[in-house]
Amino acid sequence: MAPTDETGQAAPQSSASGTTPPVRPPVGGAGANGRMPRWLPRAMVLALTLVAAFQLGSWAFHQLTGLLVNILIAFFLALAIEPAVSWMASRGLRRGLAAFIVFIAVMIVSAGFVTLLGSVLADQIIKLIEGFPEYLDSVIHWVNTHFKTDLKRVDIQEGLLRSDWLRNYVQNSATGVLDVSAQVIGGLFQLLTIALFSFYFAADGPRLRRAICSVLPPARQAEVLRAWEIAVNKTGGYIYSRGLMALISGVAHFVLLQALDVPYAPVLAVWVGLVSQFIPTIGTYLAGALPMLIAFTVDPWYALWVLIFVVIYQQFENYVLQPKLTSKTVDIHPAVAFGSVIAGTALLGAVGALIAIPAIATLQAFLGAYVKRYDVTDDPRVHGHRWRSEGPGLLARAKGLWERRREPGRPEGRGPGQDSS
């Protein structure tokens, strides 16, 4: 029986050498009484805190996405008008007053354009509604002539008025008036937010740069200022190139619409120029829809001519005009520009499509300043050529074979070593 001490616990037995064997620590890191490690509660609290912070940050980011997008748009608008504001400030005007003048000019031009376009649309819609019976009669006459039917306009009108589709459409339109009003008010508030932030960014640009540089070391300050300058140049160059292409597109479409005697040709030309250039990828076709509609009210064949001209001009712009202008202003490959527009649309929708090209151009120019370049080898494959093999080429060999077949004295179609028997 093992000896025990005064506490009633078994005393450790001595080894043969007279020394006491070491006591092994409890398995699992528990203490002497089986308690959990001290670090485990703190680790659990830290993990729960990180999860809660991540959830809170995700919720806050989701709630503030609209505001962040508006600030991003305002920042790029401020970069676009930065050259004009800086030029006016260098001539002695206060920077705030210069930014205010630029904003007032932009708002006047935008409001005038929207007013003219709205009047044109309202006038054409009224004319289209007034002339709808005549268009319907002409369509019915064409159908009756070609398909040997006996349709009447009165029967078609009564069928439309009694249809469930029209009744449901009117009810849904009546119930959606409040939704449309709320969307209009929200859009106006969003425009006001963007204009306010743009004005602050443009007027207090130097102060914002000083605030950013004040928390950075001198080397980082130089990089930030360089990136800011590149962003201003690229964004301004993008706006300049798009404005120039909008002018060329407007003039070309004005000549066409004026030749076809389409009403409101100047306003429609401005519409096509602006929408086709500042809505990437599909802007040209969206812009051409309105002139086509108005040309259709004059003559259906005119709408077809407008469509053909829009498609041809789009190809000319993509392959001839745009590469020459963007290479001097934005300097970005068309494939990269197209991919950036798709990526921007996937991330931020229409806003991403608008700011994708100047953002990618800025990033490309900034990274290009820190990438070391080397002289290119004279390998023909670099210049788009292949190694030339020794001996005659394929064309020379084919020509030699043809000449040997046509030698005098050899029957046509006979190979060497064949007789005529």
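The opening position of the sequence shown corresponds to residue 4 in our numbering, with each subsequent residue numbered one higher. Don't be surprised by glycine CBs; every beta carbon is placed ideally from N, CA and C.
Whose C-alpha, out of the options, is nearest the C-alpha of residue i?
i      : options                        : result
Phe204 : Gln58, Glu226, Gln325, Pro86   : Pro86
Glu133 : Trp405, Thr300, Ala262         : Thr300
Pro269 : Asp140, Ser343, Leu119, Lys151 : Leu119
Leu277 : Ala77, Thr52, Val117           : Val117
Thr238 : His336, Leu357, Ala63          : Leu357
Gly208 : Pro221, Leu228, Leu219         : Leu228
Gln367 : Arg41, Ile282, Arg38, Ala230   : Ala230
Asp153 : Ile143, Glu161, Gly162         : Ile143
Leu124 : Leu271, Pro40, Trp405          : Leu271
Gly69  : Ile335, Ile315, Gly352, Gln58  : Gly352
Phe319 : Ile251, Leu51, Thr148, Glu406  : Ile251
Val235 : Pro221, Lys151, Phe79          : Phe79
Leu195 : Ile74, Ala50, Trp62            : Ile74
Pro303 : Ala185, Trp405, Tyr138         : Tyr138
So residue i is in the alpha helix (DSSP H); what residue range does that whole segment cover?
i      : result
Asn73  : 68-93
Met39  : Note, Met39: premise wrong, no alpha helix (DSSP H); not H, not E.
Leu336 : Note that residue 336 is His in the sequence shown, not Leu. Neither: His336 is in no alpha helix (DSSP H) and is coded neither H nor E.
Pro136 : 135-150
Asn236 : 221-262
Ile315 : 303-319
Ile215 : 208-216
Pro383 : Taken as a continuous stretch (DSSP letters only), Pro383 belongs to no alpha helix (DSSP H), as it is neither H nor E.
Gly276 : 268-281
CB residue i to CB residue j, shorter than 7 Å?
i      : j      : result
Ala83  : Ile242 : yes
Ala249 : Gln280 : yes
Gly291 : Val273 : no
Ser201 : Ala81  : yes
Pro294 : Val309 : yes
Ile233 : Phe369 : yes
Ala206 : Ala77  : no
Val265 : Ala298 : yes
Val354 : Val72  : yes
Asp167 : Arg156 : no
Gln317 : Thr365 : no
### Message
Quick check: the region 355-370 against the region 223-242, are at least 3 beta-carbon pairs closer than 8 Å?
### Response
yes
### Task
Evaluate contact between the region 98-113 and the region 258-268, counting only Cβ atoms and requiring at least three cross-stretch pairs below 8 Å.
no
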